[in-house]
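Asker: Take this structure first; my questions come after.
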Amino acid sequence: MSPFLDVKDLKIHFPTDDGLVRSVDGLTFSLERGKTLGIVGESGSGKSVTSLGILGLHKGKGANVSGEIWLDGEELVGASQEHVRGLRGKKMAMIFQDPLSAMHPFYTVGDQIIEAYRIHHKVSKAVAKKHAIDMLGRVGIPEPRSRVDSYPHEFSGGMRQRAMIAMALSCDPELLIADEPTTALDVTVQAQILDLMVDLQREFNSALIIITHDLGVVAELSDDILVMYGGKCIEFGTADDIFYRPEHPYTWGLLGSMPRLDREPTERLMPIKGSPPSLINVPPGCAFHPRCPYVERTAGKAKSEVPGLIETEGGHLVRCHMSRTERRELWENEIKPVLENQ
Ligand SMILES: Nc1ncnc2c1ncn2[C@@H]1O[C@H](COP(=O)(O)OP(=O)(O)OP(=O)(O)O)[C@@H](O)[C@H]1O
Ligand code: SF4
Ligand SMILES: [Mg+2]
Numbered sequence: 001m002s003p004f005l006d007v008k009d010l011k012i013h014f015p016t017d018d019g020l021v022r023s024v025d026g027l028t029f030s031l032e033r034g035k036t037l038g039i040v041g042e043s044g045s046g047k048s049v050t051s052l053g054i055l056g057l058h059k060g061k062g063a064n065v066s067g068e069i070w071l072d073g074e075e076l077v078g079a080s081q082e083h084v085r086g087l088r089g090k091k092m093a094m095i096f097q098d099p100l101s102a103m104h105p106f107y108t109v110g111d112q113i114i115e116a117y118r119i120h121h122k123v124s125k126a127v128a129k130k131h132a133i134d135m136l137g138r139v140g141i142p143e144p145r146s147r148v149d150s151y152p153h154e155f156s157g158g159m160r161q162r163a164m165i166a167m168a169l170s171c172d173p174e175l176l177i178a179d180e181p182t183t184a185l186d187v188t189v190q191a192q193i194l195d196l197m198v199d200l201q202r203e204f205n206s207a208l209i210i211i212t213h214d215l216g217v218v219a220e221l222s223d224d225i226l227v228m229y230g231g232k233c234i235e236f237g238t239a240d241d242i243f244y245r246p247e248h249p250y251t252w253g254l255l256g257s258m259p260r261l262d263r264e265p266t267e268r269l270m271p272i273k274g275s276p277p278s279l280i281n282v283p284p285g286c287a288f289h290p291r292c293p294y295v296e297r298t299a300g301k302a303k304s305e306v307p308g309l310i311e312t313e314g315g316h317l318v319r320c321h322m323s324r325t326e327r328r329e330l331w332e333n334e335i336k337p338v339l340e341n342q
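First residue of the sequence shown: 1, per full-length UniProt numbering; consecutive thereafter.
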């Protein structure tokens with residue numbers, strides 16, 4: 001049987017005056033019901049563009065989208081805008097990075113939840129309103145009975161974020177994509193929201209994608225983790241593969257720059273030097289090469305060759321020219337000891 005979500009060679013390119021922006025450039029992954037995938041990468045690596053692409057939100061906006069997105073046996077890249085819109089809410093929903101972009105300014109928060117709920121559930125307005133109040137309460141909005149009639153601008157940033165999460169969760173989506181769902185929230189609320197998403201997942205056997213630039217957020221929640229760099233997957237594996245047997249130098253960098261509870265947020269172990277690549281003039285060969293200390297180790301390949309995403313063991317995929325032996329030796333002898341001893 002094919003996976004619940006099956007993304008194949010997804011490309012999302014934006015023609016601009018400065019050139020073609022290759023935001024997502026050949027992404028392939030799949031996700032089953034009841035499972036959680038973490039997508040991790042620095043700012044600008046294409047995480048949000050990927051999620052908006054799955055929801056069909058680039059349609060009709062001049063982006064070049066190619067490849068295939070299969071959701072529960074239906075292909076969405078070739079489907080009409082209307083059809084994909086109809087799937088939003090119940091089949092798939094998203095917690096957006098920017099809450100305002102997801103809410104209509106002229107309708108109360110309650111009406112927006114009620115409307116979305118009633119598209120998919122044949123219930124009276126009163127029942128839908130009760131559900132909306134219940135959802136607002138579950139995401140930690142105080143006095144949900146009165147707040148249900150507020151407009152988005154009447155909420156503070158954190159409350160707006162919670163209201164948007166309530167909106168996304170209100171139809172019990174089969175696929176939920178949470179794009180940096182907790183960055184604007186304090187630690188207690190973050191934990192509350194993540195718990196809520198996990199509850200939803202257990203209750204409805206939903207597939208969950210959690211997007212973040214911080215590996216720490218997805219450590220405990222994810223079954224699989226996809227590490228993105230410059231619009232491509234550079235490493236994919238189980239959470240254990242990524243935390244205990246990572247093989248890509250960029251993943252090592254992300255692990256080294258994870259914020260730690262016992263340190264100041266500004267104090268990072270081994271920050272990755274340099275900046276993310278331009279997506280218009282992507283560096284030739286391995287896009288990470290300008291920042292990589294092991295750039296000379298090409299295992300006989302030409303530096304100009306783009307490394308393929310190769311399986312190293314049991315579904316663990318890595319995009320790097322170094323030989324598997326070299327990568328493992330570096331991890332065991334040089335990287336892991338530094339991370340462990342700090
Ligand atoms: N409509 C657009 N037109 C042109 N370029 C775009 C468009 N949308 C996104 N991009 C570019 O695509 C790249 C990837 O953006 P994206 O928002 O997916 O990054 P991200 O990984 O979500 O980063 P962050 O962690 O900051 O949210 C960025 O360089 C961005 O400028
Ligand atoms: S391919 Fe080369 S430059 Fe790229 S990550 Fe591997 S070692 Fe570094
Ligand atoms: Mg983003």
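Glycine included, C-beta positions come from ideal geometry on N, C-alpha and C.
Looking at Leu20 and Gly53, is the spacing between their C-beta atoms short of 8 Å?
Answerer: No, Cβ-Cβ distance for Gly53 and Leu20 is not below 8 Å.
Asker: Tyr244: which of Asp134, Leu339, Ile133 sits nearest, CA to CA?
Answerer: Minimum Cα distance to Tyr244 is reached at Leu339.
Asker: At a cut-off of 7 Å, is Arg328 close to ligand 2 when judged by its beta-carbon and the heavy atoms of the ligand?
Answerer: Arg328: no, Cβ never under 7 Å from ligand 2.
Asker: Taking all protein chains shown into account, decide if Phe106 is buried (16 or more other Cβ within 10 angstroms of its Cβ) or exposed.
Answerer: Result: exposed.
Asker: Determine which residues share a DSSP beta bridge with Tyr107 and list them.
Answerer: Beta-bridge pairing links Tyr107 to no other residue.
Asker: Is the beta carbon of Glu32 within less than 7 Å of some heavy atom of ligand 3?
Answerer: False, no ligand heavy atom lies under 7 Å from that Cβ.
Asker: Buried or exposed: which applies to Glu247, given that a residue is buried once 16 or more other Cβ atoms fall within 10 Å of its Cβ?
Answerer: Under this definition Glu247 is a buried residue.
Asker: Between Gly216, Thr36, Gln81, Glu235, which lies nearest to Gly60 when the distance is taken from Cα to Cα?
Answerer: Among Gly216, Thr36, Gln81, Glu235, the Cα nearest to that of Gly60 is on Gln81.
Asker: Is it the case that the CB of His131 approaches a heavy atom of ligand 1 more closely than 7 Å?
Answerer: No, Cβ of His131 sits at least 7 Å from all heavy atoms of ligand 1.
Asker: Which term fits His153, buried or exposed, when burial requires 16 or more other beta carbons within 10 angstroms of its beta carbon?
Answerer: Under this definition His153 is an exposed residue.
Asker: Below 8 Å CB to CB, which residues in the same chain sit around Cys233 once its five sequence neighbours on both sides are set aside?
Answerer: Hits under 8 Å: Leu27, Thr28, Phe29, Leu226, Val227, Leu309, Leu317, Arg319.
Asker: Could you give the residue range of the alpha helix (DSSP H) that holds Tyr250?
Answerer: From DSSP, the alpha helix (DSSP H) with Tyr250 extends over 249-256.
Asker: Could you tell me the boundaries of the alpha helix (DSSP H) in which Ile165 lies?
Answerer: From DSSP, the alpha helix (DSSP H) with Ile165 extends over 157-169.
Asker: Cβ of Pro276 within 8 Å of Cβ of Glu74?
Answerer: Taking 8 Å as the Cβ cut-off, Pro276 and Glu74 do not qualify as a contacting pair.
Asker: First and last residue of the beta strand (DSSP E) that includes Phe288?
Answerer: Here Phe288 belongs to no beta strand (DSSP E), and DSSP marks it neither H nor E.
Asker: How would you write the range of the alpha helix (DSSP H) that Met1 sits in, first residue to last?
Answerer: Where Met1 is concerned, there is no enclosing alpha helix (DSSP H), given that its DSSP letter is neither H nor E.
Asker: Between which two residues does the alpha helix (DSSP H) harbouring Met135 extend?
Answerer: Unbroken alpha helix (DSSP H) run through Met135: 125-138.
Asker: How would you write the range of the alpha helix (DSSP H) that Ile210 sits in, first residue to last?
Answerer: No alpha helix (DSSP H) contains Ile210, which is instead part of the beta strand (DSSP E) from 207-212.
Asker: Measure the Cβ-Cβ separation of Arg33 and Phe14 and say whether it is below 8 Å.
Answerer: No, these two residues do not count as a Cβ contact at 8 Å.
Asker: Can you have a look at Val187 and say buried or exposed, based on whether 16 or more other CB atoms are within 10 angstroms of its CB?
Answerer: Exposed.
Asker: Could you check whether the Cβ of Asp29 sits closer than 7 Å to any heavy atom belonging to ligand 1?
Answerer: Residue identity check: residue 29 is Phe in the sequence provided, not Asp. No, ligand 1 has no heavy atom inside 7 Å of this Cβ.
Asker: Cα-Cα, which of Ser170, His213, Val189 is closest to Gln201?
Answerer: For Gln201, the nearest C-alpha among the options comes from Ser170.
Asker: Let me know the secondary structure DSSP gives Lys35 once reduced to three states.
Answerer: Three-state result, Lys35: coil.
Asker: Restricting to Cα atoms, I'd like to know which of Gly158, His131, Asp25 is closest to Val148.
Answerer: Taking only the C-alpha atoms, the option nearest Val148 is His131.
Asker: Just to confirm the assignment, what range does the beta strand (DSSP E) spanning Asn281 have?
Answerer: Taken as a continuous stretch (DSSP letters only), Asn281 belongs to no beta strand (DSSP E), as it is neither H nor E.
Asker: Alpha carbon to alpha carbon, what distance is there between Ser146 and Glu235?
Answerer: Going by the C-alpha atoms only, they are around 47 Å apart.
Asker: Less than 6 Å between C-beta atoms, sequence neighbours within five positions excluded: which residues of the same chain meet that for Arg327?
Answerer: Around Arg327: Glu247.
Asker: Looking at His289: is its Cβ nearer than 8 Å to the Cβ of Val40?
Answerer: Against a cut-off of 8 Å, the Cβ pair of Val40 and His289 comes out as no contact.
Asker: Which residue's Cα is closest to the Cα of Gly109: Ile133, Lys90, Val123, Gln97?
Answerer: The amino acid at residue 109 is misidentified as Gly; the sequence shows Val. Checked all of Ile133, Lys90, Val123, Gln97; the closest Cα to Val109 is Ile133.
Asker: Nearest to Ser23 by CA position, among Ala287, Glu313, Pro307, Ile335, is which residue?
Answerer: For Ser23, the nearest C-alpha among the options comes from Ala287.
Asker: In terms of residues, what are the limits of the beta strand (DSSP E) holding Gly237?
Answerer: Per DSSP, Gly237 belongs to the beta strand (DSSP E) from 232-238.
Asker: Using 8 Å for Cβ pairs, my map puts Pro99 next to Gln161. What's the rounded Cβ distance?
Answerer: Pro99 to Gln161, Cβ: 5 Å. Contact.
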